[in-house]
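Each residue of the sequence shown is one higher than the last, beginning at 7 in the working numbering.
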Amino acid sequence: MNKISIIGTGYVGLVTGACLSDFGLNVLCMDNNVEKIKKLEQGIIPIYEPGLDVIVERNVANHRLAFTTDMKKAVEESDVIFIAVGTPPAEDGSADLKYVEAVARDIGRYMNGYKVVVDKSTVPVGTGQLVKLWVREELAKRGASYDFDVVSNPEFLREGSAVYDFTHPDRVVIGAES
Ligand SMILES: NC(=O)c1ccc[n+]([C@@H]2O[C@H](COP(=O)([O-])OP(=O)(O)OC[C@H]3O[C@@H](n4cnc5c(N)ncnc54)[C@H](O)[C@@H]3O)[C@@H](O)[C@H]2O)c1
């Protein structure tokens, strides 16, 4: 059973997933970009980041790291789900949360038991409440009422030293209500 799923296998998602698997955890990295996942399954890393290829290779070989485009599987087979999709600036400069909303709604759609939903994307204050609302709305549509918690865990890594920054952070921010 995969214990951790990362939704959005971009810069932050891939580094997070690869490094968490290197800590010994089972990680499933999901992305809706089929080409990206196909490449990763073939061992082709879509970004250049010192040390990342070796970490991915080692953990795929040890069956702790896998890739998928299947959101249902990523939700059902995990206890902890990281949201690591992009939050590009909207026209007024605020973060566009449409990808975060899509993922939160999918989580509600496929939730099959207690989950910890961790927001790693860079988002404005109050987004945790929105994520809760979006998940709850989808659960209500199904007539389901699973418990879940939403945690804020923003990422501060820098491109070019992302593996080092993730594994040697000068701060770790975790916000949770329970
Ligand atoms: N890149 C950085 O240096 C950095 C550092 C700190 C924080 N962040 C923040 O982390 C977040 C992610 O940034 P990034 O640079 O990794 O972005 P990215 O564009 O590299 O990756 C985002 C990924 O999410 C995928 N995606 C989008 N919608 C999806 C969906 N519904 N389901 C599954 N996958 C989906 C995309 O295909 C893409 O692969 C942003 O909020 C960004 O601001 C980035």
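Think of the CB as a built atom: it goes at the ideal place given N, C-alpha and C, for glycine as much as any other residue. Note that the structure is a prediction, hence the values are computed from the model and not measured.
When V18, G16, C35 are compared, the shortest CA-CA separation from E83 is found for C35.
Counting C-beta pairs with one atom in each stretch, the stretch 20-27 and the stretch 55-70 have three or more that are closer than 8 Å, which means they touch.
In this structure the stretch 48-56 does not lie against the stretch 67-86, because fewer than three pairs of beta carbons, one per stretch, are closer than 8 Å. Relative to ligand 1, the nearest heavy atom lies less than 7 Å away from the CB of I13. Taking non-hydrogen atoms of ligand 1 into account, the C-beta of L34 is found less than 7 Å away from none of them.
T93 is a Cβ neighbour of A101, given a cutoff of 8 Å.
Judged by DSSP in its simplified three-state form, G23 adopts helix. Listed in chain order, the non-local C-beta contacts of E161 below 6 Å within the same chain comprise V18, K126, local neighbours out to five positions each way being set aside. By the 16-neighbour rule on beta-carbons within 10 angstroms, S167 is exposed. Here DSSP, grouped into helix, strand and coil, assigns G181 to strand. As DSSP reads the structure, L71 sits in a beta bridge with V33. Runs of the alpha helix (DSSP H) lying entirely within the stretch 111-182 and spanning at least 4 residues, in chain order: 133-148, 168-173.
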